[in-house]
Structures are given as C-alpha cells and as structure tokens.
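Quick note on this note's numbering: the sequence shown kicks off at 1 and runs consecutively. Here is the structure we will look at.
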Amino acid sequence: MKYLLSLLCLFSITSCHHTHNEQALEQLDKKSAREVTLKTVTKGDSVLHITTQHIWFNGEQITSMSDTIVTAVAPGTWNTTDSSTTLSKVPIYVTVQ
C-alpha cells in the first residue's frame, strides 16, 4: 500500500509538470531514475491494480519489483453506486513523499 501511494503521487506530480513542459519518454535520461508503471487489468469479476518499479543508477538497472492488489470489479458498499462505475475505471491519484 505504501508503494502504491508513493507511485500515485509521483504520477500526479508528473502529470501536472507535463502540462507545462512535456517531454517525450524516449528523451528522458535513465542513467539514474526511478521508473514507475501503474496498470489496471480486469480479469473476470476481479480488477488487478499492478504497480511496477524499475530503479536505474549510473546507467544500470539495479532492481525492479512488481506488486498487485486484487479487488472486486464493483465491491459492495453502503452507499448507492452507479452500476456503470467499476474499480477498473476510477481515477488514479498519485502522492510522492
């Protein structure tokens, strides 16, 4: 969960920054960086929330890790929900600390 929150923040800040100064992914320097991918996959009645990280240092990938959280497509809650809304379509908010 801690990784997911950190990644969500990174995504949010990156999205805001790119609106002012967008740079093609191919142009980014990976010599020393942390690359984060957030992916949502619907599989049957479940949604897989997949977070993958690759850490680069001095031009070498030193480690990578992937984590998956599984939820129901439309979990039951106390509040009335729109039947067209599912967890595979909710917005992603990112916080970097």
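Beta carbons: idealized from backbone N, C-alpha and C, even for Gly.
- By the neighbour-count criterion, in which 16 or more other beta carbons inside 10 Å mark a residue as buried, V36 falls on the buried side.
- Boundaries of the beta strand (DSSP E) harbouring V47: S46 to F57, taken from the DSSP string.
- Taking 8 Å as the cut-off, the beta carbon of L48 is found no closer than this to the beta carbon of I92.
- Your pair T40 and S88 checks out as a contact, with CB atoms roughly 5 Å apart and the cut at 8 Å.
- Less than 8 Å separates the beta-carbon of V73 from that of D45.
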